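Q:
Protein chains in written order, with our numbering: chain A, 1 to 335; chain B, 1 to 552.
#1: Starting from the C-beta of residue 205 of chain A, find all residues in its chain whose C-beta is less than 7 angstroms away, skip the five residues before and the five after it, and write them out in chain order.
#2: Taking 8 angstroms as the CB-CB cut-off, is residue 260 of chain A touching chain B?
#3: Could you tell me which of B:123, B:88, B:76, B:224 sits nearest to residue 386 of chain B, measuring between CA atoms?
#4: Mind reading off the beta-carbon distance from residue 326 of chain A to residue 163 of chain A? Whole number of angstroms is fine, and I expect it under 8 angstroms.
#5: For a quick check, are the C-beta atoms of residue 201 of chain A and residue 104 of chain B less than 8 angstroms apart?
#6: Kindly list, in the order they appear in chain A, the residues whose Cβ is closer than 9 angstroms to that of residue 231 of chain B.
#7: Quick check: the region 301-308 of chain B against the region 146-156 of chain B, are at least 3 beta-carbon pairs closer than 8 angstroms?
#8: What do you reckon, are the CB atoms on residue 209 of chain B and residue 100 of chain B nearer than 8 angstroms?
#9: What are the complete alpha helix (DSSP H) segments, minimum 4 residues, inside the region 49-84 of chain B?
#10: State yes or no: is the beta carbon of residue 498 of chain B nearer than 8 angstroms to at least one beta carbon in chain A?
#11: If we define contact as Cβ-Cβ less than 8 angstroms, is residue 204 of chain B a contact residue for chain A?
#12: Suppose contacts are defined by Cβ-Cβ distances below 8 angstroms. Is residue 117 of chain A in contact with residue 311 of chain A by that definition?
#13: If you follow the beta strand (DSSP E) that residue 231 of chain A is in, where does it begin and where does it stop?
#14: Indicate the three-state DSSP secondary structure (helix, strand or coil) for residue 217 of chain A in the structure shown.
#15: Within the 8 angstroms Cβ cut-off, does residue 234 of chain B reach chain A?
#16: On the CB-based measure, 16 or more other CB atoms within 10 Å of its CB, does residue 153 of chain A come out buried or exposed?
#17: If I follow the unbroken beta strand (DSSP E) through residue 119 of chain A, where does it start and stop?
#18: Please report the residue range of the beta strand (DSSP E) in which residue 160 of chain A lies.
#19: Alpha carbon to alpha carbon, how far is residue 1 of chain B from residue 353 of chain B?
#20: Is it buried or exposed, residue 87 of chain B, if we count other Cβ atoms within 10 angstroms and call 16 or more buried?
#21: Pick from B:358, B:117, B:143, B:109: whose alpha carbon is nearest that of residue 63 of chain B?
#22: Check whether chain B comes within 8 angstroms of residue 229 of chain A, counting only Cβ atoms and requiring the distance to be less than that.
#23: Reducing DSSP to helix, strand and coil, say where residue 164 of chain A ends up.
#24: Check residue 261 of chain A in the structure and name its three-state DSSP category.
#25: Whose C-alpha, out of B:335, B:527, B:58, B:504, is nearest the C-alpha of residue 196 of chain B?
#26: Could you name the residues of the same chain whose beta carbon sits closer than 7 angstroms to that of residue 50 of chain A, not counting the 5 residues immediately before and after it, in chain order?
#27: Decide if the region 126-145 of chain A is in contact with the region 54-74 of chain A; the criterion is three or more beta carbon pairs, one per stretch, under 8 angstroms apart.
#28: Could you name the residues of chain A that residue 49 of chain B contacts, counting a contact when the two beta carbons are closer than 8 angstroms?
#29: Does the beta carbon of residue 195 of chain A come closer than 8 angstroms to any beta carbon on chain B?
#30: Taking Cβ to Cβ, would you say residue 304 of chain A is nearer than 8 angstroms to residue 222 of chain A?
#31: If you draw a straight line from the alpha carbon of residue 553 of chain B to that of residue 17 of chain B, how long is it in whole angstroms?
#32: Following the continuous beta strand (DSSP E) through residue 58 of chain A, name the residue where it begins and the one where it ends.
#33: Using 8 angstroms as the limit for Cβ to Cβ distance, is residue 174 of chain A near chain B?
#34: Would you identify the three-state DSSP class for residue 264 of chain B, choosing helix, strand or coil?
#35: For residue 206 of chain A, return the contacting residues in chain B, with the cut-off set at a CB-CB distance below 7 angstroms.
#36: Among B:351, B:460, B:475, B:415, which residue has its Cα nearest to the Cα of residue 376 of chain B?
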């Protein structure tokens, strides 16, 4: 009885996995969960591109930007990926150095970013600023600068992410570095008392802790409140604008050198900078679109903070210094 | 004994395969590492502090978990019949398979800064400055996960003290102290080192808990350092080096424990207990034990209630047919996919465990026996991520079809569940009473018949429980599935993380609750399958009948 039931169950449960047919022109895109998820921008973009390419788009979902890069490196020349989508300015140069990517040959004229962009490998598809999102019901007067945060009394608690395992975490490390330079380690030591906890990934902190009311502030994106305002219909969560400026994150896509469908891949990268792709970005990826969407940009985006000062390190500098800065951070935090 | 060749070989090969798999995993990383720098271990202040912290928190967790488990096991042993005992025991079994992110969310809901209990305590004594994050949280969560497991194992050994001894103790009117000295301590002592080693290993290799509740780099474990080297530094050498350190520490601990000869099984196998009422289960003990058990039950159940409360509204939305566009449509396919990985993984680990046990029993070589012991503990010690990445490196050119990836996920999940499944099955498999075996030998009952009439009636219950464990462990897996990239088709844990990644907080809470309910359902389902069918006339009395305890 046990065996028979188990076998039946096995057969029944394996059924939906089997039988994914292969089509001749298939564009394989490595990306992360929030892009490809059913409520993310992925499905709409897939549909829009398939309508004009006579091909099939297949997403391979990896845990994070870091994992996309990791997977690409592990697979090397044998990678089945045609496009990687979801790397960012913090991991981009490491990806470049693998030598596994091919030039995009895309016209970048339409780009609307806070910085100049002229990279031959990476096509930006969205951007945003790292920011501290706070709960207005718990914190009426949020700090208005990084300095104020660092000098605040220790009963102001924040949640941050580990720069070794998450991109916003790395973003804060770079943010601190770009504001304080060599003094950053010392400032980290002062900030330490305010850190309630450092989580592995953004989602761990946001879900288990911030939404549970554990801390009034969490390191997130300046665009996060847009989701709460537009979809959850609440103004409760807002980003605090810091005087020193905010660190910029640009998310990028690139063509894989070993791809068998390079032409199709390049068509996709051109497609990235069109309305049909970009209109899915604001509310589904909760970031700024990479081109000017004009009136198509949802209204809530006009209610977000607009940092006067954009902080940004060249990706090559990040790649060069990351390890040293991480070690300084580790040292400051364990001292 | 029956002809043993076919019983030895499959199991031995599987055991060798698992050792080989582990060696391949670590070996592939070492092979890919440009140059290994072992001096880093003692020259880096950070790595040293990681090592010290890992050992320290694990030791503390073991000590406190056992401190909780001992009185609970005694109280449960003293009181063999009370309403809800069965449910409490079920609950205690669940902790091993509870996915961490779900449990942590519940723990935060109770003990966090805004948690139920914290607010209550704060009102009571405002001076109390409880902070969940850091060592506090890690150890608390480890107790939550491990104390029930330890108590369950200890209860098992208590319940298996011979009825005769108990009767004599009862006739002599031994008080609690003497009961402890004459019965309970001698019963538990041989198991304690094994339980301690198990809990130590689980806490030593703990990852998600440390990452969420740890508070920062000051509280980093070896497993976290391995994760970081693999995922973000691409430093295979360091990862392999740290994995070897982990292997050495936990491995030598197990070696020490096993050398002393731990025979009892480390996971409850629900063997049978008598129903005698103990003398000391009356009077003042009713009150103290009652209070103890109620507190413990609350300790286990409050975080689960927190998960329930947070997830319930979202789950209603998700399951309501009208609103299929948002979250509801994702949950069902994810559930099917999860089961498609978890059920084969569970079945594979149960089958492997049986074959290994058979091989160990049939073969008389010291070496074979050792090999089987090693396979029982190796997967506990090797980080799944190391195994996964190593295998990935080896299989790389051939990988790419997603279904292969899923098979690999199921395979690694099966290997990871093996230690627990083996523990569950070992007791009932080996403890067939000699008279029965002799009789069967004389009658020449072998092969299939031997299995059908001797083992199956004794094994169906443990087998069902082992299936529940194996499936449950795999159901909650997030690490391995993430590595082998299930395509846009998520399992429930992956779906949960996806929802988190895109601010779908109530949907994520719902998925968490759904996962919890699914686990409960699985345990209930396998429990049902494990039930003896209504008694029919048996051929002779080859099977010794024991009274069924209420709870099993």
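A virtual CB, placed ideally from N, CA and C, is assigned to each residue, including glycine. Since we're looking at a predicted model, the values are computed, not measured.
A: Straight from the coordinates:
#1: Numbered from 1 along the first chain, position 205 holds the residue referred to as residue 205 of chain A. Excluding sequence neighbours, residue 205 of chain A sits near 159, 161, 199, 218.
#2: Along the first chain, read from residue 1 onward, the residue named residue 260 of chain A stands at position 260. No, residue 260 of chain A does not count as interfacial toward chain B.
#3: Numbered from its first residue, the second chain carries residue 386 of chain B at position 386. When only C-alpha atoms are compared, the closest one is B:224.
#4: Start at 1 with the first residue of the first chain, and residue 326 of chain A comes out as number 326. Start at 1 with the first residue of the first chain, and residue 163 of chain A comes out as number 163. Indeed they touch by this definition, with Cβ atoms about 6 angstroms apart.
#5: For the purposes of this step, residue 201 of chain A is taken as residue 201 along the first chain, with counting starting at 1. For the purposes of this step, residue 104 of chain B is taken as residue 104 along the second chain, with counting starting at 1. Not a contact, by the Cβ cut-off of 8 angstroms.
#6: For the purposes of this step, residue 231 of chain B is taken as the residue at position 231 of the second chain. The answer, in chain order, is 63, 64, 66, 67, 70, 164, 165.
#7: no
#8: Here residue 209 of chain B refers to the residue found at position 209 of the second chain. Here residue 100 of chain B refers to the residue found at position 100 of the second chain. Going by C-beta atoms, residue 209 of chain B is nearer than 8 angstroms to residue 100 of chain B.
#9: none
#10: Stepping through the second chain from its first residue, residue 498 of chain B is reached at position 498. Judged by the 8 angstroms Cβ criterion, residue 498 of chain B is in contact with chain A.
#11: Within the second chain, residue 204 of chain B is the residue found at index 204, counting from 1. Not one chain A Cβ lies under 8 angstroms of residue 204 of chain B.
#12: Indexing the first chain from 1 puts residue 117 of chain A at position 117. Indexing the first chain from 1 puts residue 311 of chain A at position 311. Cβ atoms of residue 117 of chain A and residue 311 of chain A: not closer than 8 angstroms.
#13: On the first chain, residue 231 of chain A is found 231 positions in, with the first residue counted as 1. From DSSP, residue 231 of chain A is part of no beta strand (DSSP E); its letter is neither H nor E.
#14: As a first step, residue 217 of chain A must be located in the first chain, where it is residue number 217. If DSSP states are grouped into helix, strand and coil, residue 217 of chain A belongs with the strands.
#15: In the second chain, residue 234 of chain B corresponds to position 234, counting from 1. Output row for residue 234 of chain B: interface = yes.
#16: The residue given as residue 153 of chain A occupies position 153 in the first chain. Result: exposed.
#17: Stepping through the first chain from its first residue, residue 119 of chain A is reached at position 119. No beta strand (DSSP E) holds residue 119 of chain A; DSSP gives it neither H nor E.
#18: Here residue 160 of chain A is taken as the residue at index 160 of the first chain, counted from 1. It spans 158-161 - the beta strand (DSSP E) in which residue 160 of chain A sits, taken as one unbroken run.
#19: Numbered from 1 along the second chain, position 1 holds the residue referred to as residue 1 of chain B. Numbered from 1 along the second chain, position 353 holds the residue referred to as residue 353 of chain B. Confidence at residue 1 of chain B is low in this model, with a pLDDT of 43, below 50, so the placement of that residue is unreliable and no value is reported for it.
#20: On the second chain, position 87 is the one that residue 87 of chain B refers to. The residue in question, residue 87 of chain B, is exposed, as its Cβ has fewer than 16 Cβ neighbours within 10 Å.
#21: Residue numbering aside, residue 63 of chain B sits at position 63 when the second chain is read from its first letter. Cα-wise, what sits closest to residue 63 of chain B is B:143.
#22: Here residue 229 of chain A refers to the residue found at position 229 when the first chain is read from its first residue. Taking Cβ atoms only, chain B never reaches closer than 8 angstroms to residue 229 of chain A, which makes this a no.
#23: Within the first chain, numbered from 1, the residue matching residue 164 of chain A stands at position 164. In this structure, residue 164 of chain A counts as coil in the three-state DSSP scheme.
#24: Stepping through the first chain from its first residue, residue 261 of chain A is reached at position 261. DSSP places residue 261 of chain A in coil when its eight states are reduced to three.
#25: Locating residue 196 of chain B in the second chain gives position 196, where the first residue counts as 1. Among B:335, B:527, B:58, B:504, the Cα nearest to that of residue 196 of chain B is on B:58.
#26: Counted from its first residue, the first chain places residue 50 of chain A at position 50. Around residue 50 of chain A: 56, 57.
#27: no
#28: Here the question's residue 49 of chain B lines up with position 49 in the second chain. Here the neighbours are 334.
#29: Taking the first residue of the first chain as 1, we reach residue 195 of chain A at position 195. Yes, residue 195 of chain A lies at the interface with chain B (some Cβ there is under 8 angstroms from its Cβ).
#30: Position 304 of the first chain, counted from the start, is the residue given in the question as residue 304 of chain A. Position 222 of the first chain, counted from the start, is the residue given in the question as residue 222 of chain A. Yes, the pair counts as a contact, with Cβ atoms nearer than the cut-off.
#31: Outside the modelled stretch of chain B, which goes from 1 to 552, sits residue 553 of chain B, for which no answer is possible.
#32: To locate residue 58 of chain A, count along the first chain from 1; it is residue 58. 56-61 is the span of the beta strand (DSSP E), which, as asked, contains residue 58 of chain A.
#33: Taking the first chain and counting its residues from 1, the one referred to as residue 174 of chain A is at position 174. Taking Cβ atoms only, chain B never reaches closer than 8 angstroms to residue 174 of chain A, which makes this a no.
#34: By 1-based counting over the second chain, the position of residue 264 of chain B is 264. With a pLDDT of only 48 at residue 264 of chain B, under the threshold of 50, the placement of this residue in the model should not be trusted; the figure read from the coordinates follows. Of the three classes helix, strand and coil, the one that applies to residue 264 of chain B here is coil, per DSSP.
#35: Residue numbering aside, residue 206 of chain A sits at position 206 when the first chain is read from its first letter. Here the neighbours are 500.
#36: Counting from one through the second chain, the residue named residue 376 of chain B turns up at place 376. It is B:415.
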